[in-house]
Every structure is written in C-alpha cells, then in structure tokens.
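Undergrad: What follows is a single structure, and I will ask about it in a moment.
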Amino acid sequence: NAGVTQTPKFHILKIGQSMTLQCTQDMNHNYMYWYRQDPGMGLKLIYYSVGAGITDKGEVPNGYNVSRSTTEDFPLRLELAAPSQTSVYFCASKWSGSAPNTDTQYFGPGTRLTVL
Amino acid sequence: AQSVTQLDSQVPVFEEAPVELRCNYSSSVSVYLFWYVQYPNQGLQLLLKYLSGSTLVKGINGFEAEFNKSQTSFHLRKPSVHISDTAEYFCAVSTFTGNQFYFGTGTSLTVIP
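Chains B and V, in that order, are what the protein sequence lines are.
Residues in the first sequence are numbered from 110 upward in steps of one, following my numbering.
Residues in the second sequence are numbered from 13 upward in steps of one, following my numbering.
Below, the structure written as structure tokens:
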C-alpha cells in the first residue's frame, strides 16, 4: 500500500489564484481529514469527511472547500488565495467503526504552499 | 471545548540521556490522548495512545507516556534517547463524541551527540 499520498509536494501561488491540493489513500479508510500546520503552531483541522459524499467543517474552514466523491480521494480547494494561507497542508485518513475518536490517523507527507 | 498545551517548544538533550516531553490538556469530558512524531519533511506518525485502562502506555521506539487525570497531563518519556529520535513531537486529544482531534503546538526534540 502507498498509504496516503499528496500532490504537489511544493507550490507557489499568486494572491487571488485558485488551486486544488490532491489527497488519495489506498487503505479503504472511511474518515479523511485536511489540516494546516503553521510555524510554531499545532495542526489545525480545516475540513473532514466521514465517508464518500459527507464532509464537514473543522476549526479553520474559511477560504477552503472540499469534496468527497469517492472513498479514495479528498481534494482541498483554495479559492482566491491569500498570504494567510501560506502553510504546510497535511491530509490524513483512518478507518473507524463504533469509536471513531480512538483510532489512529495516517498522515500524508504534506504539501508546502506559499502564497505571494 | 478541548485544548492541548505542550509546555516546552524546544528540548535539547544529550544522546543516551533520559527525556520527558510535557503535555497538559483541558477538557470538560473524558478524553483520549495521543502522541505523534514528525520527522523532517514527513507526515506525522503515531507513537502511542491512551484510550482507557492502565495509565502507563508503551509505544514504539522505546517511548512511554503516563496519563494523570488529576493533573490533566500525558507526559512522554524515554529512558535513553538516540540521535534518530531528533524530531518534532505532538500531543493530541480527542473525545468520545465529536469528530475532531486537537493538537498541541509541538515540541522539537534535538538529541546532541
């Protein structure tokens, strides 16, 4: 299994541009997450999904959108990029049954995004 | 709401010395607690987790952590560190209900030869 893969690894975006960060997992996990990690800060949850067709906001959803049309893919869309969105973005997934908050999340390697 | 405080942003320690990385949490309900490690330019991976039962939890790479409910702490320890333990360590908390995990700001462990 490749686990959780993210593309691109690095990207520079101009203010006002849009882009999509890709995340794919091949573990048949039902839960998927998007986090951002800023220097000196912990991970902040942007959006999450408990299964195909179901998404919900996390702590910091403004400026982002997601979709989950398949179990494997969970893309993150940035519309009208701003310098405040410069960050490292991590996608994660896990399989959860009756006690979802006990289960281990598996993280991708991250996407380093700079907005200039 | 839940929150996590990691009291030390940077911890330098000599090789083969013991280390403790501190984590305190705040929650009005019962929690599950996790420690993740992040090596340079990689994603996070789980070191250990406390769900219930014994308050001393053993994880991978010789790490262990102790859950202390009265002090709302979950400190990570290792009796003898190696150069390869140099990494960023994150404490995280979740609850039985809800779908979110809350992460601390991280502790950068540097092992000095």
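All C-beta atoms, glycine included, are put in the ideal place defined by N, C-alpha and C.
Treat the numbers as computed from the prediction; the structure is a model and nothing was measured.
Does the CB of B:L130 have a neighbour CB from chain V at under 9 angstroms?
TA: Here the question's residue 130 of chain B lines up with position 21 in the first sequence. It does not; no Cβ of chain V falls within 9 angstroms.
Undergrad: Going by C-alpha distance, which of V:S64, V:Y114, V:D97 and V:T84 is nearest V:I72?
TA: Within the second sequence, numbered from 1, the residue matching residue 72 of chain V stands at position 60. When each option's Cα is compared against that of V:I72, the closest is V:D97.
Undergrad: Would you identify the three-state DSSP class for B:K219, choosing helix, strand or coil?
TA: By 1-based counting over the first sequence, the position of residue 219 of chain B is 110. With the sequence shown as reference, residue 219 of chain B is identified as Gly, and Lys is not the correct amino acid for it. Three-state result, B:G219: coil.
Undergrad: What are the residues that DSSP puts in a beta bridge with B:W143?
TA: Working through the first sequence from its first residue, we reach residue 143 of chain B at position 34. B:Y156 and B:C200, per the DSSP bridge assignment.
Undergrad: Under a three-way DSSP split, which group does B:K174 fall into?
TA: Here the question's residue 174 of chain B lines up with position 65 in the first sequence. It should be noted that the sequence gives Asn, not Lys, for residue 174 of chain B. Residue state, collapsed to three classes: strand.
Undergrad: Can you have a look at V:V41 and say buried or exposed, based on whether 16 or more other CB atoms are within 10 angstroms of its CB?
TA: Indexing the second sequence from 1 puts residue 41 of chain V at position 29. Looking at its Cβ environment, which holds fewer than 16 other Cβ atoms inside 10 Å, V:V41 is exposed.
Undergrad: At which residues does the beta strand (DSSP E) containing V:S15 begin and terminate?
TA: As a position in the second sequence, residue 15 of chain V is number 3, starting the count at 1. Its beta strand (DSSP E) spans residues S15 to T17.
Undergrad: Taking Cβ to Cβ, would you say V:F79 is nearer than 9 angstroms to V:K90?
TA: Residue mapping note: residue 79 of chain V aligns to position 67 of the second sequence, counting from 1. Residue mapping note: residue 90 of chain V aligns to position 78 of the second sequence, counting from 1. No, Cβ-Cβ distance for V:F79 and V:K90 is not below 9 angstroms.
Undergrad: For B:D182, which residues does DSSP report across the bridge?
TA: Counted from its first residue, the first sequence places residue 182 of chain B at position 73. According to DSSP, which records beta bridges pairwise, B:D182 is partnered with B:T133.
Undergrad: Pick helix, strand or coil for V:D97, following the three-state DSSP scheme.
TA: For this step, residue 97 of chain V is matched to residue 85 along the second sequence. Reduced to three states, the DSSP call for V:D97 is helix.
Undergrad: Taking 9 angstroms as the CB-CB limit, is B:V175 close to chain V?
TA: Your numbering for residue 175 of chain B matches position 66 in the first sequence. Answer no: the Cβ-Cβ gap between B:V175 and chain V never drops below 9 angstroms.
Undergrad: Select from B:S158, B:H138, B:L187 and B:T180 the residue whose C-alpha is nearest the C-alpha of B:Y198.
TA: Counting from 1 along the first sequence, the entry for residue 198 of chain B is found at position 89. Nearest option by C-alpha distance: B:L187.
Undergrad: Is V:A104 close to chain B? Criterion is C-beta to C-beta, closer than 9 angstroms.
TA: Residue 104 of chain V sits at position 92 when you count from the first residue of the second sequence. Yes, its Cβ sits closer than 9 angstroms to a Cβ of chain B.
Undergrad: Just to make sure I have the definition right: I need the residues of chain V whose C-beta is within less than 9 angstroms of the C-beta of B:G172. Which are they?
TA: Here residue 172 of chain B refers to the residue found at position 63 when the first sequence is read from its first residue. Going along chain V, no residue has its Cβ under 9 angstroms from B:G172, so there is no contact; the nearest lies around 19 angstroms.
Undergrad: In chain order, what residues of the region 58–81 of chain V put their CB closer than 8 angstroms to some CB of chain B?
TA: The region 58–81 of chain V vs chain B, Cβ under 8 angstroms: L58, K61 and L63.
Undergrad: Counting beta carbon pairs with one atom in the region 27–46 of chain V and one in the region 149–164 of chain B, are three or more of them shorter than 8 angstroms?
TA: No contact exists between the region 149–164 of chain B and the region 27–46 of chain V.
Undergrad: Is there a Cβ of chain V sitting closer than 9 angstroms to that of B:A201, yes or no?
TA: By 1-based counting over the first sequence, the position of residue 201 of chain B is 92. Judged by the 9 angstroms Cβ criterion, B:A201 is in contact with chain V.
Undergrad: Our contact map puts B:D135 next to B:N174 with C-beta atoms below 8 angstroms; I'd like the distance itself, whole angstroms only.
TA: On the first sequence, residue 135 of chain B is found 26 positions in, with the first residue counted as 1. On the first sequence, residue 174 of chain B is found 65 positions in, with the first residue counted as 1. About 24 angstroms; that fails the 8 angstroms criterion.
Undergrad: Out of curiosity, what's the CA-to-CA distance linking V:Y62 and B:A190?
TA: For the purposes of this step, residue 62 of chain V is taken as the residue at position 50 of the second sequence. For the purposes of this step, residue 190 of chain B is taken as the residue at position 81 of the first sequence. For V:Y62 and B:A190, the distance between alpha carbons rounds to 39 angstroms.
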